[in-house]
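**Q** Take this structure, written in structure tokens, and hold onto it; I'll ask about it next.
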DNA sequence: ACCCACTCGTTGGCCAAGCCAACGATCGCC
DNA sequence: GGCGATCGTTGGCTTGGCCAACGAGTGGGT
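Chains as they are written, first to last, in this note's numbering: chain E, 0 to 145; chain W, 0 to 145.
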């Protein structure tokens, strides 16, 4: 009965495909960042700081979808490497203000490069037009899901 | 200098987009399966068994990209729930042959339903044609990456 | 017939990600 | 002044993906 008409369940559903594709993507990204001594959270924070400027840790968490507790740990590591500075907010003593250092920006540029390469190798089988379309659709999904 | 021309790094790279999109997808899938008392691995194994028939644990791992050790744990759980049977292979005493039970197939059908709903809600903003295109491109990426 | 390389199931462990609860300190508002 | 909310921080939990090692077993070569 199911000898010939078996549904291609494993590869047929989009959510499953997305899962598989992102397993690959995550592995590629992880390897790329890991080779630079960083992890996803590091990139997330550095990019958010570079793009939107200094912010409190809670604000950083909101920007990048990180939990406050994870922001603490990540800022600790980035600070230790000299990529960010953490100083108390004079206007609100609950807050720390986090700032990127020039060395942090330089590191971010390096991460950008290796991430670009990872992306290139991931999307190798797609034409430029297809990549654009893919990005457009993913953005639509993300926007819709707010 | 970066006041206006800041690259939309966070959202501009496809690998990052894929990561974000799959965070959503993974959450949806996880919640859907979790509501049925299962996890991704359970679905992976049940679907592989349903699609390709009985197999050894190592073979199951290869089919679904699971590590052998994870197959062990998952088969344990599925066996305890009566969804699969594990019996020694008479032809090769190193192997166990894993088989889906009718109850396991029924459970898989239920998982299929909730996964379909999760996928539906995930891809809500995309037209049918777009979904097809998305699936096609993801398949291309997966095939290319072996 | 023996060895050797390999496979298989299993145990145990590691790290990254994502999340949640609780705490003391601080702030804003009524 | 008191009260609810916010912030940084600590600690913990779960899932997912992976790797190393082990004993049992297999198959090929010689």
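No residue lacks a Cβ here, since even glycine has one placed at the ideal position from N, Cα and C.
Indicate the three-state DSSP secondary structure (helix, strand or coil) for residue 29 of chain W in the structure shown.
**A** Residue 29 of chain W falls in the helix class under three-state DSSP.
**Q** Looking only at its chain, what residues have a beta carbon closer than 7 Å to the beta carbon of residue 43 of chain W, apart from the 5 residues adjacent to it on each side?
**A** 63 and 65
**Q** Look at residue 17 of chain E and residue 73 of chain W and say whether their C-beta atoms are less than 8 Å apart.
**A** no
**Q** Compare the C-alpha of residue 32 of chain E against each of E:99, E:119 and E:111 and name the closest.
**A** E:111
**Q** Is the CB-CB distance between residue 125 of chain E and residue 136 of chain W below 8 Å?
**A** yes
**Q** In chain order, what residues of the same chain lie with their CB nearer than 6 Å to the CB of residue 98 of chain E, ignoring the 5 residues before and after it?
**A** 53 and 84
**Q** Taking only three categories from DSSP, how would you classify residue 21 of chain E?
**A** helix
**Q** Can you tell me whether residue 49 of chain E is buried or exposed? The criterion is at least 16 other CB atoms within 10 Å of its CB, across all chains shown.
**A** Result: buried.
**Q** Shorter than 8 Å from the beta carbon of residue 134 of chain E to some beta carbon of chain W?
**A** yes
**Q** Mind listing the chain W neighbours of residue 144 of chain E? Cutoff is C-beta to C-beta under 7 Å, in chain order.
**A** 23
**Q** Is the shortest distance between the beta-carbon of residue 124 of chain W and the beta-carbons of chain E less than 8 Å?
**A** The beta carbon of residue 124 of chain W sits closer than 8 Å to some beta carbon of chain E.
**Q** Cβ atoms of residue 104 of chain E and residue 122 of chain W: under 8 Å apart, would you say?
**A** Their beta carbons are not under 8 Å apart, which means residue 122 of chain W does not touch residue 104 of chain E by this criterion.
**Q** Pull the bridge partners of residue 55 of chain W from the DSSP assignment, please.
**A** W:96.
**Q** Quick one: grab the DSSP three-state call for residue 124 of chain W.
**A** coil
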